[in-house]
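Enquirer: So the sequences go chain by chain: V and D.
Each number in the numbering used here comes from the position in the first sequence (counting from 1) with 190 added on.
Each number in the numbering used here comes from the position in the second sequence (counting from 1) with 190 added on.
Here a beta-carbon is modelled for each residue, glycine too, at the ideal position from N, C-alpha and C.
There are 2 protein chains.
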Amino acid sequence: MENKQYLIAEARREQIIKAAIEVLRETGYVSTSLSKIANKANISTGLISYHFSGKEDLINNTLMYLVQQEWVFIKEKVEQKQTPTKKLMAFIEASLAYQGTNRENNIALIEIVFNARTPDNVPYYLIEDDDEDLLNDLLQEILRKGQKSKEFSDFHPQVIATVIRGAISESMLSSQHKLTLEEYNEKLTKSILQMVK
Amino acid sequence: MENKQYLIAEARREQIIKAAIEVLRETGYVSTSLSKIANKANISTGLISYHFSGKEDLINNTLMYLVQQEWVFIKEKVEQKQTPTKKLMAFIEASLAYQGTNRENNIALIEIVFNARTPDNVPYYLIEDDDEDLLNDLLQEILRKGQKSKEFSDFHPQVIATVIRGAISESMLSSQHKLTLEEYNEKLTKSILQMVK
DNA sequence: AATAAATTTGATTGGCCGTTCAAAATAAAA
DNA sequence: TTTTATTTTGAACGGCCAATCAAATTTATT
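(1) Return yes when the Cβ of V:F242 is within less than 8 Å of the Cβ of V:N232, no when it is not.
(2) Fully enclosed by the region 242-288 of chain V, which alpha helix (DSSP H) runs are 4 residues long or longer?
(3) For a quick check, are the C-beta atoms of D:V213 and D:I227 less than 8 Å apart?
(4) State the Cα-Cα distance for the pair V:F342 and V:L333, rounded to the nearest angstrom.
(5) Using three-state DSSP, classify D:P313 as helix, strand or coil.
(6) Going by the beta-carbon positions, is the gap between V:S255 and D:V220 smaller than 8 Å?
(7) Report yes if the CB atom of D:I238 is closer than 8 Å to the CB atom of D:L224, and no otherwise.
(8) What do you reckon, are the CB atoms on D:S381 and V:E360 nearer than 8 Å?
(9) Just checking, does the region 315-328 of chain D make contact with the region 360-377 of chain V on the three C-beta pairs under 8 Å criterion?
(10) When you compare only the Cα positions, how much space is there between D:D310 and D:I317?
(11) Please decide whether V:I198 counts as near chain D, where near means a Cβ-Cβ distance under 8 Å.
(12) For the alpha helix (DSSP H) holding V:E294, just list the boundary residues, first then last.
(13) Residues of the region 330-357 of chain V in Cβ contact with chain D at a cutoff of 7 Å, in chain order, please.
(14) Kindly confirm or deny that the region 293-302 of chain V and the region 367-374 of chain V touch, where touching means at least three C-beta pairs closer than 8 Å.
(15) I want to verify the contact list: residues of chain D whose CB lies under 7 Å from the CB of V:S223, in sequence order.
(16) Compare the C-alpha of D:E266 against each of D:I354, D:Y288, D:N229 and name the closest.
(17) What residues from chain D crowd round V:T217, counting only those whose CB sits closer than 8 Å?
(18) Just to make sure I have the definition right: I need the residues of chain V whose C-beta is within less than 7 Å of the C-beta of D:R307. Which are they?
(19) Does the separation of the CB atoms of V:N305 and D:N375 fall below 8 Å?
(20) What residues from chain V crowd round D:K377, counting only those whose CB sits closer than 8 Å?
(21) Tell me which same chain residues have a C-beta within less than 7 Å of the C-beta of V:I207, skipping the five on either side of it?
(22) For a contact defined as C-beta to C-beta under 9 Å, what are the partners of D:I300 on chain V?
(23) When you check each C-beta in the region 231-247 of chain D against every C-beta of chain V, which residues fall closer than 9 Å?
(24) Output needed for V:L383: all residues of its chain with C-beta closer than 8 Å, excluding positions within five of it in sequence on either side, in chain order.
(25) So who's on the other strand from V:R307, going by DSSP bridges?
(26) So, is V:G244 buried or exposed, given that buried needs 16 or more other C-beta atoms within 10 angstroms?
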């Protein structure tokens, strides 16, 4: 026991969030309880209630943490490229890469999005967060600029954005193709470009 | 109270399944309990346990019922068309139409797929049911035949199938585009054809 | 009509849940 | 050091859950 036994609040909050992510992946949302999270983090249950106003608050903070992680990773990769075509390719590659290397985070995110509901009982997966979906905005901006520069053909940007993001999400779930991440990325990118060019 | 008070077993089972679908949509998987389902169906909780071996059994039967409903609907529409291109268009249109007109069923299906886990704790959404995913098989067959007849270009059928199904799933969730079902179907089909031709 | 089989009820049981809170431990401030 | 603020514990509470089962009701058979 050489660790500092008490961490300041912010570090403790992050520790709890990380424990929540682990438990979400291991047992699923339905079986995720505060006592399991507390156990995973080696703290008492009461401490979670001290740092978060309740289970819902903890879940929401965990979701924000997960969304932020993915956003930062993908945004950075996209910004390194200059042309819309290259940015689009970077977007796809980075999305697949993030899902490949942060599988635990992605599963936790799925568990939350498809389970949590607002106080008035609306599932998170049906919420239209027009202003909060940063990845969607980024992708749409790439598509629009590509159309302006004539690299891309004339299509409805939101529809194509939906197709691309659907393809990325689906590929995380269905591993029915027996391809490596690189092979899959190459084939997916080729088809998407065929569609937008 | 003019209904027959007692139904035979098969009818009772279906009644319970339909009540389960309603409760799943209204309250979400997490809050779905046998007593709520019993209440919705105006029967006692014990009766559910009499007709199903447990909650898990009921959920699995509900899932099979939902998958079957969608499968029959789409399969029929596809079989009415002759060429791979027309079959593909019918597949997309029927998938979107089913989701549009059976929203309650689709939400219940999502709630189950993203929550239920096998006894050894594998989420349903990660199971690779190679032999059980009839819709995937149907779509792949269409794509392969289209390649044989030279209507479609040379691509990896499973990858494209994943893209198409992802686009369809995603479109149910993200209604960020403000298009009608018909408009969306038209634009989506156009883009998909651009990709496979 | 009498008996057997199938169906339905509803109360009960034991278990896990999220939250609360007084008391203890630690850290910070004076 | 003394005092105050922050952090942590762990037990206790009320609530809902899935499952069980004996008793009651209805249907089928003889």
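Expert: On the basis of the supplied data:
(1) no
(2) 245-269
(3) yes
(4) 7 Å
(5) strand
(6) Note that residue 255 of chain V corresponds to Tyr in the displayed sequence, not to Ser. For V:Y255 and D:V220, no; Cβs fall outside 8 Å.
(7) yes
(8) no
(9) yes
(10) 12 Å
(11) no
(12) 293-303
(13) F345, H346, Q348, V349, I350, T352, V353, R355, G356, A357
(14) no
(15) Near V:S223 there are no residues of chain D at all, since even the closest Cβ is about 12 Å away, more than 7 Å.
(16) D:Y288
(17) N311
(18) G218
(19) no
(20) F345, H346, V349
(21) N251, T252, Y255
(22) F304, P313, Y315
(23) none
(24) T275, L278, M279
(25) V:P313
(26) exposed
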